[in-house]
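Here's the structure, in structure tokens; my notes come after.
In the numbering used here, the protein residues as written are 3 to 298.
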């Protein structure tokens, strides 16, 4: 796993897991980073060239005067595919990253060989009883300036390790299943990001508001209808952020897409249960066919 930086209207940090064959691009979700994929990247690199980028304002990619809206992230990802991958990709996106994957595959079908949506953030994905932490966050986001203040205060109170532990408790059904090395890598990154001040907060708040608006916009379904790439949807049955019913509705609208529900798993299967995630991916027919073709 090598750290690299590309210049796309400013620095864009990404992890290169090596490998050969067709390029696989891994895109994290809201408040995530390329490190979210470190438990599965090496295995995926056995059959693909694997890259995982940090979106603007997340991970080790600074805002650098750029926007952190979903639309801006989608543009950055498209440019990354064109300039760094330099070929059509197998696009795997988690949560907001999955939303971006649909946008890319719909608008630029020539850029996406196949699409893997992992607990994707999509319209109509409403939890019947939201987590108290999520209710507070949604309320704060509606008040200008309040979200930034509260996020900064929470960061100071919890510290790097506390922030990571709290995040894992929210996105995992069983946080103890996450590899300690993965946890420690996230703590180190969080410690570094806390030194950057308010740019982190601005990116998080801007992206949160943007994905919230997009998830309330039914026009997204036209993008879903426009996707021509073979698509696999993987969803944890115990996801508290995006309920599995959202992905069931997704494949109801696109019956040609395949849904794999991982029992007892939360919002980030590639972190919590990497083996189950890899099994779901590698047993998917389009993935097997593409891998065999690349090896021949």
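Note that the Cβ used here is the ideal one computed from N, Cα and C, for glycine as well.
Note that the structure is predicted; figures quoted are calculated from it, not measured.
Is it the case that the segment 200-219 contacts the segment 264-276, given that we only count it when at least three CB pairs across the two stretches are under 8 Å?
no
Can you tell me which of 23, 33, 13 puts its alpha carbon nearest to the alpha carbon of residue 166?
By 1-based counting over the chain shown, the position of residue 166 is 164. Of 23, 33, 13, the residue nearest in Cα terms is 33.
For residue 208, count neighbouring Cβ atoms within 10 angstroms of its own Cβ and tell me buried if that reaches 16, exposed if not.
Along the chain shown, one-based indexing puts residue 208 at 206. Looking at its Cβ environment, which holds 16 or more other Cβ atoms inside 10 Å, residue 208 is buried.
Looking at C-beta atoms only, is the number of pairs between the segment 231-238 and the segment 58-75 that lie closer than 8 Å three or more?
no
Run through the segment 226-254 for me and flag every whole beta strand (DSSP E) of 3 or more residues, listed as ranges in chain order.
233-238
Which residue comes first and which comes last in the alpha helix (DSSP H) that contains residue 19?
Numbered from its first residue, the chain shown carries residue 19 at position 17. First-last for residue 19: 13-20, but that is the beta strand (DSSP E), not the alpha helix (DSSP H).
Please say whether residue 37 and residue 188 have beta carbons closer to each other than 7 Å?
Taking the first residue of the chain shown as 1, we reach residue 188 at position 186. Taking the first residue of the chain shown as 1, we reach residue 37 at position 35. Closer than 7 Å, so yes.
How is residue 115 classed by DSSP in three states: helix, strand or coil?
Taking the chain shown and counting its residues from 1, the one referred to as residue 115 is at position 113. In this structure, residue 115 counts as strand in the three-state DSSP scheme.
Starting from residue 284, follow the alpha helix (DSSP H) in both directions and report where the run begins and ends.
The residue given as residue 284 occupies position 282 in the chain shown. Segment 276-284, the alpha helix (DSSP H) holding residue 284.
Given this structure, state the Cα-to-Cα distance separating residue 13 from residue 80, to the nearest angstrom.
By one-based count along the chain shown, residue 13 stands at place 11. By one-based count along the chain shown, residue 80 stands at place 78. Cα to Cα, residue 13 sits roughly 15 Å from residue 80.
Residues that DSSP places opposite residue 264 in a beta bridge
Walking along the chain shown from the start, residue 264 turns up at place 262. Paired residues: 238.
Run through the segment 153-219 for me and flag every whole alpha helix (DSSP H) of 4 or more residues, listed as ranges in chain order.
182-195, 200-217
Return yes when the Cβ of residue 193 is within less than 7 Å of the Cβ of residue 162, no when it is not.
In the chain shown, counting from the first residue as 1, residue 162 sits at position 160. In the chain shown, counting from the first residue as 1, residue 193 sits at position 191. The answer is yes: Cβ separation under 7 Å.
For the putative contact between residue 225 and residue 105, defined by C-beta atoms under 8 Å, what is the C-beta separation to the nearest angstrom?
For this step, residue 225 is matched to residue 223 along the chain shown. For this step, residue 105 is matched to residue 103 along the chain shown. Between residue 105 and residue 225 the Cβ distance is about 6 Å, and since that is below 8 Å, they are a contact.
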